[in-house]
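Asks: Residue numbers (this note's numbering), protein chains in the order written: chain X, 1105 to 1207; chain W, 1105 to 1207. C-beta atoms are modelled at their ideal positions from N, C-alpha and C, and glycine is treated no differently. I am attaching a structure below and will ask some questions about it afterwards.
2 protein chains.
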Amino acid sequence: MPTELERAMEILLCQFHKYACKEGKSNSLSRCELKKLMENELPTFLKSQKDPGAVDKIFKDLDCDGDGEVNFQEYLSLIGGLSLSCNQLYEMHLRQQNQQCKK
Amino acid sequence: MPTELERAMEILLCQFHKYACKEGKSNSLSRCELKKLMENELPTFLKSQKDPGAVDKIFKDLDCDGDGEVNFQEYLSLIGGLSLSCNQLYEMHLRQQNQQCKK
């Protein structure tokens, strides 16, 4: 039985391949595939983006090797970046909670 | 309701903090906390390591800023590295499957 953490890593991989195989190269995300992945799987984040061109900018940022596709490693940097932001919010929340406990 | 991918990112965060708060600084992993995390949450990977000193080496590799702790960003590079390895195995498996279909 996989642990929760192993299961979470499996989900990262499966979600990438669920969209990567839809068109073009089967092991990387085209711009359209990345857009669908973000709309369906990261709706909270995408809705928080005021800029309608957000997906294009994110795609450009992620496509480090400039091949017009986002490979699995580049996709992981999106997941990593979002996780870091969530962690900063979470730690800020913990600090506020601790300060309230001290009052 | 969070999506599977959002839930997976939440698990990455929660598993880190579950172990980071056990001793010392509450927002980073000591060597002992990292060892417990790997033993309990990444058993498959840890068992595949023949070297009994694997945890020490991994800890040293992860602790990029040399402060004797593994912070969340450094932890994410462990998750990223393991996910990349899993993805390489997965893509190799897909290629083998495709070749068998062509026979």
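Along the region 1181–1193 of chain X, where does the CB come closer than 7 angstroms to a CB of chain W? Name the residues.
Replies: Against chain W - using a Cβ distance shorter than 7 angstroms - the residues of the region 1181–1193 of chain X are I1183, G1184, L1186, S1187, L1188, C1190 and N1191.
Asks: I'd like to know whether the C-beta of X/Q1203 is nearer than 7 angstroms to at least one C-beta of chain W.
Replies: Stepping through the first sequence from its first residue, residue 1203 of chain X is reached at position 99. By this cut-off, X/Q1203 is not an interface position.
Asks: Note down, in chain order, each residue of its chain lying with its Cβ closer than 6 angstroms to the Cβ of W/G1128, except the 5 sequence neighbours on either side.
Replies: Here residue 1128 of chain W is taken as the residue at index 24 of the second sequence, counted from 1. Excluding sequence neighbours, W/G1128 sits near S1134.
Asks: Output the residue ranges of the alpha helix (DSSP H) runs that lie fully inside the region 1127–1156 of chain W and measure 4 residues or longer, sorted by chain position.
Replies: The region 1127–1156 of chain W contains these whole alpha helix (DSSP H) runs: 1135–1145 and 1147–1152.
Asks: How would you label W/N1175, buried or exposed, when you count the other beta carbons within 10 angstroms and need 16 or more for buried?
Replies: Indexing the second sequence from 1 puts residue 1175 of chain W at position 71. It counts as buried.
Asks: Measure the alpha-carbon distance for W/M1113 versus X/A1112 and round it to whole angstroms.
Replies: Residue mapping note: residue 1113 of chain W aligns to position 9 of the second sequence, counting from 1. Residue mapping note: residue 1112 of chain X aligns to position 8 of the first sequence, counting from 1. Spanning the two alpha carbons is a distance of roughly 7 angstroms.
Asks: Identify the contact partners of W/M1113 in chain X, using a Cβ-Cβ distance below 7 angstroms as the criterion.
Replies: Position 9 of the second sequence, counted from the first residue, corresponds to residue 1113 of chain W. Going along chain X in sequence order, the residues near W/M1113 (Cβ under 7 angstroms) are I1183, L1186, S1187 and C1190.
Asks: Short of 9 angstroms Cβ to Cβ, which residues in the region 1132–1150 of chain W face chain X?
Replies: Per Cβ criterion, the list reads L1141, N1144, E1145, L1146, P1147, T1148 and F1149.
Asks: Starting from X/G1185, trace the alpha helix (DSSP H) in both directions and tell me its first and last residue.
Replies: For the purposes of this step, residue 1185 of chain X is taken as residue 81 along the first sequence, with counting starting at 1. Per DSSP, X/G1185 belongs to the alpha helix (DSSP H) from F1176 to K1206.
Asks: Whether or not the region 1115–1130 of chain X and the region 1151–1163 of chain X are in contact is what I'm after, with contact meaning three or more pairs of Cβ atoms, one per stretch, closer than 8 angstroms; do they touch?
Replies: The region 1151–1163 of chain X, when compared against the region 1115–1130 of chain X, does not touch it at the 8 angstroms Cβ threshold.
Asks: Between X/L1141, X/A1124, X/E1195 and X/D1169, which has its C-alpha nearest W/E1108's C-alpha?
Replies: If you number the second sequence from 1, residue 1108 of chain W lands on position 4. Checking every option, the nearest Cα to that of W/E1108 belongs to X/L1141.
Asks: What residue does the alpha helix (DSSP H) around W/Q1108 start on, and which one ends it?
Replies: In the second sequence, residue 1108 of chain W corresponds to position 4, counting from 1. According to the sequence shown, residue 1108 of chain W is Glu rather than Gln. That run of the alpha helix (DSSP H) goes E1108 to A1124.
Asks: Using the C-alpha atoms, what's the distance from X/L1193 back to W/E1195?
Replies: Reading the second sequence from its first residue, position 91 is the one you call residue 1195 of chain W. Reading the first sequence from its first residue, position 89 is the one you call residue 1193 of chain X. Taking the straight line joining both Cα atoms gives about 35 angstroms.
Asks: For X/L1117, return the contacting residues in chain W, with the cut-off set at a CB-CB distance below 9 angstroms.
Replies: For the purposes of this step, residue 1117 of chain X is taken as the residue at position 13 of the first sequence. Near X/L1117 (Cβ distances below 9 angstroms), the residues of chain W are S1187, C1190, N1191 and Y1194.
Asks: Determine, using beta carbons only, whether W/L1166 and W/L1182 come nearer to each other than 7 angstroms.
Replies: As a position in the second sequence, residue 1166 of chain W is number 62, starting the count at 1. As a position in the second sequence, residue 1182 of chain W is number 78, starting the count at 1. Their beta carbons are under 7 angstroms apart, which means W/L1166 touches W/L1182 by this criterion.
Asks: Report back the beta-carbon spacing between X/A1124 and X/E1137 to the nearest angstrom; my notes put them in contact at under 8 angstroms.
Replies: On the first sequence, residue 1124 of chain X is found 20 positions in, with the first residue counted as 1. On the first sequence, residue 1137 of chain X is found 33 positions in, with the first residue counted as 1. Yes, they are in contact, since the Cβ atoms of X/A1124 and X/E1137 sit about 6 angstroms apart, within 8 angstroms.
Asks: What's the C-alpha gap between X/N1202 and X/G1157?
Replies: Taking the first residue of the first sequence as 1, we reach residue 1202 of chain X at position 98. Taking the first residue of the first sequence as 1, we reach residue 1157 of chain X at position 53. Straight-line Cα distance between these residues: approximately 39 angstroms.
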